[in-house]
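Here the structure comes first, spelled out in structure tokens, and everything after it is commentary.
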Amino acid sequence: MVNKIAIIGGGNMGGALVKGWVKAGMASSLTVTAHTQQTLDRLNEACPGITAMLDNKKAVEEADVVVLAVKPWLVEQVITEIMPELKGKLLISVAAGVRHERIDVYVMPNIAAEFGESMTFVEEAEKAEQAAELFGRVGQCKVVPQRLMGAGMMMAGCGIAYVMRFLRAMMEGGVEMGFYPDEAKEIAMQTMQGAISLLEETGLHPEAAIDKVTTPGGITIKGLNELDHAAFNSAVIRCLKAGLK
Ligand SMILES: NC(=O)c1ccc[n+]([C@@H]2O[C@H](COP(=O)([O-])OP(=O)(O)OC[C@H]3O[C@@H](n4cnc5c(N)ncnc54)[C@H](OP(=O)(O)O)[C@@H]3O)[C@@H](O)[C@H]2O)c1
408 MVNKIAIIGG GNMGGALVKG WVKAGMASSL TVTAHTQQTL DRLNEACPGI
458 TAMLDNKKAV EEADVVVLAV KPWLVEQVIT EIMPELKGKL LISVAAGVRH
508 ERIDVYVMPN IAAEFGESMT FVEEAEKAEQ AAELFGRVGQ CKVVPQRLMG
558 AGMMMAGCGI AYVMRFLRAM MEGGVEMGFY PDEAKEIAMQ TMQGAISLLE
608 ETGLHPEAAI DKVTTPGGIT IKGLNELDHA AFNSAVIRCL KAGLK
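Everything in the sequence shown is counted per this note's numbering, starting at 408 for the first residue and increasing by one.
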């Protein structure tokens, strides 16, 4: 049986979770709240069958599981507001970098949850498995110790943005070489999808996959070496570690 879930804050992340869970067939179990009616109207339109309301306390009162998806600086205030209704309920937070004694499980999903493709990290805790079961319905889920939550957030939560930058860079190169932007986007995306399929199907290490497309003295190695001269690997590693400072 699916629990009744209240998502407090139906913005980018909360909205993506709602849409993902709706696609997983859970619409009738979901109640979402927001600060403005416009956000609720948008969600109602996109997700028939959900319940949307401005009243956080009422949403929590009727739920078994509460997912906090407001901005980090609102977490304390919202928990204080819903505290009287929280007794016996599982409180999950997806807010980055905020800790509170009442939160049962810290979870770091990404917005691909909307398409059932999130890479989600669940922090080890007594009720982590319950949260992992729920977030496993909108993508892949890893239960990790607290020390790895920041790394997970950088690789997967923020990682979506870094992958977008790589795709944009490929597009800009493609346009400079003569493709229209839409064609360049299609080419870059399909190439990335092909690379992912190659790794998924073969289980190869990326460097072994690179060997398969690199002819000695050929053109692929010339491009790869340009990336090295521009410190591409180092830039990616520094990018991922920047948010941990
Ligand atoms: N975006 C990501 O990729 C991502 C990934 C992982 C984790 N997170 C975490 O998710 C949280 C939300 O981020 P976001 O990007 O989704 O922000 P967002 O788009 O601004 O969404 C926040 C939502 O909270 C609603 N809200 C504001 N005050 C509220 C209140 N008092 N009660 C109920 N709802 C309220 C807003 O309503 P209105 O729309 O009506 O203003 C909005 O829908 C953050 O803590 C962030 O760290 C985000």
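Cβ atoms here follow ideal geometry from the backbone N, Cα and C, with glycine treated the same way. Bear in mind that the values here come from a model prediction, so they are computed numbers and not experimental data.
DSSP state of residue i mapped onto helix, strand, coil
i, result
"Glu530", "strand"
"Met658", "Residue 658 is absent from the model: the chain starts at 408 and stops at 652."
"Thr622", "coil"
"Thr443", "coil"
"Val643", "helix"
"Met433", "coil"
"Leu606", "helix"
"Ile457", "coil"
"Ala413", "strand"
"Arg570", "First, the residue type needs correcting, since residue 570 is Val and not Arg in the sequence shown. Of the three classes helix, strand and coil, the one that applies to Val570 here is helix, per DSSP."
"Val473", "strand"
"Leu450", "helix"
"Leu497", "strand"
Contact set for residue i: own chain, Cβ-Cβ below 8 Å, skip 5 residues either direction
i, result
"Glu590", "Gly581"
"Ala595", "Leu574, Met577, Met578 and Gly581"
"Glu593", "none"
Proximal residues to residue i (C-beta, below 6 Å), its chain only, five neighbours per side dropped
i, result
"Val429", "Cys454"
"Glu524", "Gly546"
Pair within 9 Å by beta-carbon distance, residue i and residue j
i, j, result
"Gly416", "Ala503", "no"
"Val512", "Leu493", "no"
"Val482", "His507", "yes"
"Thr438", "Gly418", "no"
"Leu497", "Lys534", "yes"
Close beta carbons around residue i, own chain, < 7 Å, minus the five adjacent residues each side
i, result
"Ile567", "Asn517, Ile518 and Ala519"
"Cys565", "Gly650"
"Phe586", "Ile594"
"Thr627", "Val620 and Thr621"
"Tyr569", "Cys646"
Run of the beta strand (DSSP E) containing residue i, from where it starts to where it stops
i, result
"Gly546", "Gly546 to Val551"
"Val514", "Val512 to Met515"
Length of the line joining the Cα atoms of residue i and residue j
i, j, result
"Thr458", "Ala423", "15 Å"
"Ile489", "Asn463", "7 Å"
"Met515", "Ile644", "20 Å"
"Val708", "Ile603", "For the chain, the structure presents residues 408 to 652; residue 708 sits outside this window and is missing."
"Leu634", "Ala563", "23 Å"
N-terminal and C-terminal residue of the alpha helix (DSSP H) that residue i is part of
i, result
"Val485", "Val482 to Ile489"
"Val467", "Asn463 to Glu468"
"Leu541", "Ala535 to Phe542"
"Met556", "Met556 to Gly559"
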